[in-house]
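Numbering (this note's numbering), first residue to last: 32 to 135. Here is the structure we will look at, set down as structure tokens.
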Amino acid sequence: MRHEPPPDGRLGPMAPHIPTDVFRQAQADGRPIVIVQTADPARPARSHLGPVLIGLAIAFAAMGMVAAALALFEFAVRTAAVIGSLSGPITLGLGLKLFNPKSK
């Protein structure tokens, strides 16, 4: 049984097919089986433009979200530092007054 490719030479959605008798004969003789596939014709560069632009948009959006989160975190840290530095002397003075033993 011999397998003939379609007239246009392309297999379409089918995978390459090796007839059973050829496969068994090659195994019995110890010959290697080589499958040669031709590459699909190259796609035009314009067809790659959409996915590349979508990927870049997602990457820039992610970078913007990270930058915004870092800016918010930095603002929160600076605010906490300012509040802590302003309340430090007040807290220290109150603590010394409240927790020092009174002398008689």
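Beta carbons are placed, not taken as given, at the ideal position from N, Cα and C, and that holds for glycine. A quick note: this is a predicted structure, and the numbers were derived from the prediction, not measured.
Within a Cβ cutoff of 7 Å, which residues of the same chain sit near residue i, ignoring the five residues on either side of it in sequence?
i    : result
G124 : none
S78  : none
On the three-state DSSP scale, how would you describe residue i?
i    : result
K128 : helix
Leaving out five residues on either side along the sequence, give the residues of the same chain with a beta carbon under 6 Å from the beta carbon of residue i.
i   : result
Q56 : none
Under 8 Å Cβ to Cβ from residue i, same chain only, skipping five residues before and after it: list those, please.
i   : result
A54 : Note that residue 54 corresponds to Phe in the displayed sequence, not to Ala. Once the five neighbours on either side are set aside, the close Cβ partners of F54 are I64.
Taking only runs of the alpha helix (DSSP H) that begin and end inside the segment 42-80, which ones reach a length of at least 4 residues, in chain order? Fully enclosed alpha helix (DSSP H) runs of 4 or longer: 51-60.
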